[in-house]
Amino acid sequence: MEKQRIFSGIQPSGNLTLGNYLGALRNWVSLQDEYECIYSIVDMHAITIRQNPKDLHERSLLTMALYLAAGLDPEKNTVFMQSHVLEHAQLGWILGCNSYMGELSRMTQYKDKSTRLGDSIPTGLFNYPVLMAADILLYNAHLVPVGDDQTQHLELTRDIAIRFNNAYGETFVVPKGYFNPFGARIYDLQMPQKLMSKSAENQQGVLFLLDDEKTLQRKISRSVTDSLGTISYNDNQPGVKNLLNIFALLRKESIDGALAYFEGKGYKQLKDGVMEAVLDTLLPLQEKVYELMKERDHLEDLMAQGAQKARSIAKVTLADVEKKIGFISRRTNEHCD
Ligand code: TRP
């Protein structure tokens, strides 16, 4: 049987967090044998919010290094920069002509992000979900692992795919979300009712994958708990619950296992346990990242190889789409080599 295809992407904006690692990256690694996986570093999405060019460049390489350090095998998977495969922009345009102002205006992420921008809302920010649809549909991905904040965009992708198929004949696979059975949401250590986010205003509650040891220790030791003083797993103790989740996920333990481990212990020991688990995971990961970052040329080579693999699929889909809508064939597909 053919393997099902998975597509997902992470923006190289901001620094990746423990939430990104436990919610996305680590799960991607676990999928690489069972599925045909295509993972993109979506730099074209990142520029919907103004980026400092030097930082964007550096973060793109760092994200690639993190993918590899986390265990994504560039032989088994297709790992590439979105901007290296020009078909994304081209299909994005075509899909933009098949999506509506109304549906895009309803995207809650757009509403959130745009209110902060006053009169200077880039149209790219508005169109962003269309580009995301292009990312997914270009590869005819069956499954898309995404967090809660992206399910609305995935719904829109499905709507666009169905609409296109109805208008022009069967073209796209209509993708589904992939929800990781072992995932748990990771919340901010200072505000445990908010998801841990790389764009949080106060970074004290956010564990970044590349925070140094002292910073990680400080953030964990100052994480918010409560005044109950008992370690149990319930919604009245969101801080404690979050720490237990982090511990259990990092140690690959069940929640019951984590509760048993901390039985009769206090919050100080809970935080120490979490700290140890975090450092055991992140310090070796960081070491690998910095090792990889010494060979930038090698990273760029791997990106180029990934792009070539991605293109071999993307160009077939785009040619099919262009034919269906009536464009004249370019005859040559070598326009971006
Ligand atoms: N929009 C996603 C985010 O901000 C990133 C993304 C872009 C993506 N294209 C994608 C995720 C395609 C899954 C599939 O997190």
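Sequential numbering of the sequence shown, starting at 17, is according to the working numbering.
The beta carbon of each residue, even a glycine, is placed where N, CA and C say it ideally should be.
With a 10 Å radius around the Cβ and a threshold of 16 neighbouring Cβ atoms, Gln-285 comes out exposed. Leu-259 and Lys-287 do touch by the CB rule: their CB atoms are close to 7 Å apart, below 8 Å.
In this structure, the beta-carbon distance from His-104 to Asp-151 falls below 9 Å. Only residues of its own chain outside the window of five on either side were considered, and among them Ala-177, Phe-188 have a CB closer than 6 Å to the CB of Leu-153, listed in chain order. In terms of side-chain proximity, the C-beta atom of Phe-23 is found nearer than 8 Å to a non-hydrogen atom of the ligand TRP.
In the same chain as Ala-293, and ignoring 5 residues on each side of it, the C-beta atoms closer than 8 Å to its own belong to Ile-262, Phe-263, Leu-266, Arg-267, in chain order. Secondary structure of Ser-56 (DSSP, three-state): strand. Within 8 Å of the C-beta of Ser-56 there is at least one heavy atom belonging to the ligand TRP. In the DSSP assignment, Val-95 falls within the unbroken beta strand (DSSP E) covering 94-97. By the Cβ neighbour-count rule, Met-17 is exposed, with fewer than 16 other Cβ atoms within 10 Å of its own. Contact annotation: Ile-54 and Phe-96 have beta-carbon atoms nearer than 9 Å. Within its own chain, the residues whose Cβ lies closer than 6 Å to the Cβ of Pro-28, once the five positions on either side in sequence are excluded, are Ile-57, Asp-59, Ala-62, Arg-75, Ser-76, Thr-79, listed in chain order.
The alpha-carbon separation between Phe-195 and Leu-275 amounts to approximately 25 Å. In this structure Thr-167 is exposed. Its beta-carbon is surrounded by fewer than 16 other beta-carbon atoms within 10 angstroms. Here the alpha carbons of Leu-111 and Ser-237 stand approximately 48 Å from one another.
Shortest gap from the CB of Gln-168 to any heavy atom of the ligand TRP: 8 Å or more.
Straight-line spacing of the CA atoms in Asn-36 and Tyr-126 works out to 21 Å. Here Lys-19 carries a coil assignment [DSSP, helix/strand/coil]. The distance from the Cβ of Val-240 to that of Gln-206 is about 6 Å, consistent with a contact at the 8 Å cut-off. Per DSSP, reduced to three states, the secondary structure at Leu-32 is coil, with no helix or strand assignment. One Cα belongs to Gly-289, the other to Asn-31, and the distance between them is close to 24 Å. For Ala-183, the closest C-alpha among the options Ser-248, Lys-340, Gly-255 is that of Lys-340.
Close CB contacts of Gln-98 within its chain, under the 6 Å cut and outside five residues either way in sequence, are with Ser-56, Val-58, Asp-59, Met-60, His-104 (chain order).
His-100 has its Cβ no nearer than 8 Å to any heavy atom of the ligand TRP. Where Leu-170 is concerned, there is no enclosing beta strand (DSSP E), although the alpha helix (DSSP H) around it starts and stops at 167-184.
About 4 Å separates the CB atoms of Leu-308 and Ala-81; that is less than 8 Å, so the two are in contact. Beta-bridge pairing by DSSP links Gly-193 to Val-160. In terms of Cα proximity to Tyr-249, the closest of Thr-297, Phe-180, Gln-106, Tyr-277 is Tyr-277.
Apart from sequence neighbours up to five positions away, the residues of its chain that approach Leu-47 with a beta-carbon distance below 7 Å are Ile-22, Cys-53, ordered along the chain.
Counting of Cβ neighbours within 10 angstroms places Tyr-116 among the exposed residues, the total staying below 16. Bounds of the alpha helix (DSSP H) holding Ala-335 are 312-341. In this structure Pro-197 is not in contact with Ser-24, their Cβ atoms being roughly 16 Å apart against a cut-off of 8 Å. For Met-291, the closest of Leu-315, Gln-233, Gly-245, Leu-84 by C-alpha to C-alpha distance is Gln-233.
In the DSSP assignment, Thr-139 falls within the unbroken alpha helix (DSSP H) covering 139-154. Contact annotation: Leu-172 and Leu-120 have beta-carbon atoms nearer than 9 Å.
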